[in-house]
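**Student:** Just passing along the structure, written as structure tokens.
In my numbering, the protein residues as written are 41 to 420.
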């Protein structure tokens with residue numbers, strides 16, 4: 041059975057008598073999920089920005105794209121979407137509300153592309169930020185390719201959605217009632233763009249979720265943190281599953297059913313879950329230092345002291361790096377990866393002084409740290 045927004049007259053005649061007063065309707069799940077997940081995602085983003093600006097003092101492009109994603113989240117739009125009667129059967133929707141329903145649908149589709157693209161770009165930029173000071177060039181190339189794919193996906197589907205009908209307003213104004221829309225217009229088949237968008241979006245979801253797995257096994261971090269990361273990856277794959285469910289619903293709406301308002305209610309629920317969970321997962325990783333400060337306040341004080349000593353040139357308990365471009369070396373809080381092969385990595389074995397505060401007797405204790413650094417010609 042065909043489906044979509046343009047039911048033939050024979051189908052319309054087969055519908056039950058409309059009930060505009062107290063028709064069967066779905067519950068308030070859409071509003072509840074939109075508000076709760078929207079608040080959760082917003083709190084996570086605000087906490088992320090606060091950590092980056094106030095604690096780490098090193099905000100980056102990944103934070104900017106995350107803010108852009110939450111500003112274009114579909115939650116608030118969907119929360120007020122019930123006024124367009126998405127929770128009713130199509131025959132119980134008044135004809136004069138169809139234009140608003142179609143415009144609402146078009147806005148949600150556009151916001152979904154913006155919000156999910158910005159959130160995924162933020163996540164990929166965070167991956168680059170973590171490994172940019174290492175010698176994992178292949179991983180950086182893969183991340184850059186993924187960023188290019190996301191950029192092409194976002195631009196392509198924003199243009200396609202804007203050009204579904206010519207002029208663009210015809211996408212919703214063609215359903216104008218009681219005054220008909222009299223301008224000439226031309227529209228693509230309504231199922232092509234949504235289905236294509238859904239499929240490619242799911243592919244980019246899997247790419248974004250799988251990339252950190254390449255690094256996960258090499259991270260030298262405590263077991264508890266590995267468990268936390270595993271849970272986060274699990275949520276990331278849950279987002280992929282949400283995308284698959286959304287794709288199935290879109291196909292059913294476009295090709296199998298004309299009751300688009302009743303079916304779209306479920307579609308908006310899954311869009312909300314997918315979008316806000318994606319933003320939430322993108323915001324969580326940099327909050328590690330905030331959680332450590334809450335759960336282990338004494339450790340937070342110790343870390344603050346280490347930062348103070350580092351600024352004085354008295355290095356301790358930090359990741360110290362020395363590279364050809366930075367011969368003096370630098371401190372970093374980036375994750376520490378597994379040992380690299382000295383014959384394949386860009387490093388050489390050098391001894392670097394690590395200083396601690398003077399002992400009570402006034403004697404300064406000097407220790408050495410061995411690391412690898414690549415040099416021109418010979419490798420030590």
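Each residue gets a CB set at the ideal place from its N, CA and C atoms; glycine is no exception. For clarity, every value in this text was computed on a predicted model and none was experimentally measured.
#1: Identify the continuous alpha helix (DSSP H) that holds residue 105 and give its terminal residues.
#2: Would residue 296 and residue 45 qualify as a contact pair, given that the criterion is a beta-carbon distance under 8 Å?
#3: Quick one, which of 112, 59, 307 has its alpha-carbon nearest residue 156's?
#4: Buried or exposed for residue 130, going by 16 or more other Cβ atoms inside 10 Å?
#5: Compare the C-alpha of residue 440 against each of 215, 270, 80 and name the closest.
#6: Report yes or no: do the stretch 286–296 and the stretch 243–254 share at least 3 C-beta pairs separated by less than 8 Å?
#7: Taking just the CA atoms, how far does residue 313 sit from residue 76?
#8: Let's see if you can read the secondary structure: which residues bound the alpha helix (DSSP H) around residue 136?
#9: Residue 226 by DSSP, collapsed to three states: which one?
#10: Give the DSSP bridge partners of residue 321, in chain order.
#11: Taking the Cβ atom as the reference point for each residue, do residue 85 and residue 107 lie within a distance shorter than 8 Å?
#12: Considering only C-alpha positions, which residue in the set 179, 293, 281 is nearest to residue 318?
#13: Distance check for residue 321 and residue 89, CA to CA, integer angstroms please.
#14: Have a look at residue 198 and residue 150 and give me their C-alpha separation to the nearest angstrom.
#15: Looking at the secondary structure, which residues open and close the alpha helix (DSSP H) in which residue 234 lies?
#16: Using a 10 Å radius around the Cβ and a threshold of 16 neighbouring Cβ atoms, would you call residue 172 buried or exposed?
#17: If I'm right that residue 126 touches residue 301 with Cβ under 8 Å, what's the distance once you round it to whole angstroms?
#18: Grab the span of the alpha helix (DSSP H) containing residue 78 for me, first residue to last.
#19: In its own chain, which residues sit with a C-beta less than 6 Å from the C-beta of residue 211, not counting the 5 before and 5 after it?
#20: Which residue wins for smallest C-alpha separation from residue 249, given the options 135, 140, 269, 311?
#21: Kindly indicate which residue of 182, 298, 187, 276 has the alpha-carbon position closest to the one of residue 53.
#22: Residue 304 to residue 278, Cα distance in whole Å?
#23: Report the partner residues of residue 210 according to the DSSP bridge assignment.
#24: Looking only at its chain, what residues have a beta carbon closer than 7 Å to the beta carbon of residue 324, apart from the 5 residues adjacent to it on each side?
#25: So what's residue 177 in DSSP terms, helix, strand or just coil?
#26: Which residue's Cα is closest to the Cα of residue 208: 143, 193, 266?
**Tutor:** From the atom records:
#1: Start at 1 with the first residue of the chain shown, and residue 105 comes out as number 65. Here the alpha helix (DSSP H) through residue 105 covers 101–111.
#2: Position 256 of the chain shown, counted from the first residue, corresponds to residue 296. Position 5 of the chain shown, counted from the first residue, corresponds to residue 45. No.
#3: Along the chain shown, one-based indexing puts residue 156 at 116. Considering only alpha carbons, the answer is 112.
#4: Position 90 of the chain shown, counted from the start, is the residue given in the question as residue 130. Residue 130 comes out buried.
#5: Nothing about residue 440 can be read from this structure; the chain reaches only from 41 to 420.
#6: no
#7: Mapped onto the chain shown, residue 76 falls at position 36. Mapped onto the chain shown, residue 313 falls at position 273. Cα-Cα distance, rounded: 10 Å.
#8: On the chain shown, position 96 is the one that residue 136 refers to. Element bounds for residue 136: n/a, residue is neither H nor E.
#9: Mapped onto the chain shown, residue 226 falls at position 186. The answer is strand: DSSP assigns residue 226 an E or B state.
#10: Along the chain shown, one-based indexing puts residue 321 at 281. In the DSSP output, where bridge partners are listed per residue, residue 321 has none listed.
#11: By one-based count along the chain shown, residue 85 stands at place 45. By one-based count along the chain shown, residue 107 stands at place 67. In this structure, residue 107 lies closer than 8 Å to residue 85 by Cβ.
#12: Working through the chain shown from its first residue, we reach residue 318 at position 278. If we check each option's Cα against that of residue 318, 281 comes out closest.
#13: In the chain shown, the residue the question calls residue 89 occupies position 49. In the chain shown, the residue the question calls residue 321 occupies position 281. So the alpha carbons of these two residues sit roughly 14 Å apart.
#14: On the chain shown, residue 198 is found 158 positions in, with the first residue counted as 1. On the chain shown, residue 150 is found 110 positions in, with the first residue counted as 1. Going by the C-alpha atoms only, they are around 6 Å apart.
#15: Residue mapping note: residue 234 aligns to position 194 of the chain shown, counting from 1. Note, residue 234: alpha helix (DSSP H), 232–250.
#16: Here residue 172 is taken as the residue at index 132 of the chain shown, counted from 1. Flag for residue 172 reads exposed.
#17: Stepping through the chain shown from its first residue, residue 126 is reached at position 86. Stepping through the chain shown from its first residue, residue 301 is reached at position 261. That pair is a contact at about 5 Å.
#18: Locating residue 78 in the chain shown gives position 38, where the first residue counts as 1. Where residue 78 is concerned, the enclosing alpha helix (DSSP H) stretches over 69–90.
#19: As a position in the chain shown, residue 211 is number 171, starting the count at 1. Within the same chain, residue 211 has close Cβ partners 146, 204, 205.
#20: The residue given as residue 249 occupies position 209 in the chain shown. Residue 269 is the option with its Cα nearest to residue 249.
#21: Taking the chain shown and counting its residues from 1, the one referred to as residue 53 is at position 13. It is 298 whose Cα lies nearest to the Cα of residue 53.
#22: Residue numbering aside, residue 304 sits at position 264 when the chain shown is read from its first letter. Residue numbering aside, residue 278 sits at position 238 when the chain shown is read from its first letter. Those two C-alpha atoms are separated by around 21 Å.
#23: By one-based count along the chain shown, residue 210 stands at place 170. Paired residue(s): none; residue 210 is not in a bridge.
#24: For the purposes of this step, residue 324 is taken as residue 284 along the chain shown, with counting starting at 1. Around residue 324: 84, 272.
#25: Mapped onto the chain shown, residue 177 falls at position 137. In the structure shown, residue 177 sits in a helix (DSSP, three-state: H, G or I).
#26: In the chain shown, counting from the first residue as 1, residue 208 sits at position 168. Of the candidates 143, 193, 266, the one whose C-alpha sits nearest the C-alpha of residue 208 is 143.
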